[in-house]
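Report on the structure given below.
In the numbering used here, the protein residues as written are 0 to 304.
In structure tokens:
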């Protein structure tokens with residue numbers, strides 16, 4: 000952060016500046032911090048949009064401190080005999096002009112986010128429905144419940160069966176669309192969540208394990224992704240890791256509806272490790288606390304097994 004701040008305000012030396020710019024070209028996370036920092040210092044105020052490549056944004060943003068410094072030095076020499084009032088007046092324009100160069104950084108960032116929100120809105124109506132349905136079917140037909148599938152667990156149909164077969168065409172198409180969003184740097188945790196949940200729902204645990212790791216790195220505070228990671232670990236028979244992740248979610252989201260889902264899954268994990276008594280205690284607590292809800296019915300059904 001300090002290196003980025005020095006780069007933006009022109010305090011970094013030539014060697015340091017070259018190192019930082021080289022790093023920005025290869026590190027998406029730091030590049031986003033750089034763009035955010037440019038926006039924070041007010042460059043977003045200019046109107047219009049500008050679309051250039053990431054390297055151009057970095058180059059243009061980096062040029063501003065140097066341009067301001069060079070312009071000010073030239074004016075300082077020419078204004079040596081100017082009154083203090085006139086001197087200050089002449090200094091304001093170059094900074095504004097230079098800032099207009101950097102506006103491409105902030106406007107590019109802002110425009111990208113607006114477009115991303117628009118795409119996500121479209122995804123909600125056109126792309127996510129097949130995945131939501133798959134998550135619901137997965138949660139209804141098996142013991143494990145995925146966030147977003149809890150409302151389906153009380154529906155009629157075969158319960159606690161293994162899901163066989165591949166994903167349908169609509170689900171496959173939706174997953175491809177979300178994957179493209181994710182791989183192009185989507186900053187929406189919803190895109191990440193439904194992508195991984197979709198792979199799990201289509202029984203593609205290996206692919207789900209790859210993208211849940213990347214998703215958690217991008218969105219470390221999203222508890223839904225922690226639940227998915229725990230489910231992946233469970234299917235990989237890494238019960239210790241699955242239990243730890245689920246206990247963390249239960250502990251940090253005590254009064255959150257997500258906690259009930261995590262508790263049901265936790266009961267399944269501890270049961271499969273031979274902890275039958277604790278599993279039943281967890282399930283009975285969920286059934287009592289969420290009486291009348293589909294998740295309570297699921298907890299009660301598993302507790303009787």
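Where a beta carbon is used, it is the ideal one built from N, C-alpha and C, also for glycine.
Bear in mind the structure is a predicted one, so any value in this text is a computation, not a measurement.
Local Cβ density within 10 Å of residue i, reported as buried at 16 or more and exposed below that
| i | result |
| --- | --- |
| residue 256 | exposed |
| residue 219 | exposed |
| residue 289 | buried |
| residue 303 | exposed |
| residue 281 | buried |
| residue 182 | exposed |
| residue 242 | buried |
| residue 157 | Low confidence applies here, because residue 157 scores a pLDDT of 46, under 50, leaving its location unreliable; read the following figure in that light. Exposed, by the Cβ-count rule. |
| residue 147 | buried |
| residue 83 | A caution first: residue 83 carries a pLDDT of 44, below 50, which makes its placement in the model too unreliable to give a value. |
Supposed close pair residue i, residue j - CB separation, criterion 8 Å
| i | j | result |
| --- | --- | --- |
| residue 149 | residue 294 | 5 Å |
| residue 248 | residue 225 | 5 Å |
| residue 214 | residue 229 | No, residue 214 and residue 229 are not in contact; Cβ-Cβ is about 13 Å, not under 8 Å. |
| residue 286 | residue 299 | 4 Å |
| residue 301 | residue 142 | 6 Å |
| residue 270 | residue 152 | The pair is not a contact, with the Cβ atoms about 17 Å apart (cut-off 8 Å). |
Rounded separation between residue i and residue j - CA only
| i | j | result |
| --- | --- | --- |
| residue 268 | residue 258 | 15 Å |
| residue 277 | residue 139 | 23 Å |
| residue 130 | residue 16 | 45 Å |
| residue 252 | residue 26 | 33 Å |
| residue 201 | residue 19 | 42 Å |
| residue 206 | residue 227 | 12 Å |
| residue 132 | residue 22 | 42 Å |
| residue 254 | residue 262 | 12 Å |
| residue 279 | residue 172 | 40 Å |
| residue 185 | residue 246 | 29 Å |
| residue 168 | residue 292 | 32 Å |
| residue 216 | residue 265 | 23 Å |
| residue 125 | residue 170 | 11 Å |
| residue 137 | residue 272 | 23 Å |
| residue 223 | residue 176 | 20 Å |
| residue 244 | residue 199 | 17 Å |
| residue 250 | residue 193 | 24 Å |
CB of residue i within 7 Å of CB of residue j, strictly
| i | j | result |
| --- | --- | --- |
| residue 134 | residue 127 | no |
| residue 234 | residue 204 | yes |
| residue 174 | residue 197 | yes |
| residue 239 | residue 208 | no |
| residue 221 | residue 188 | yes |
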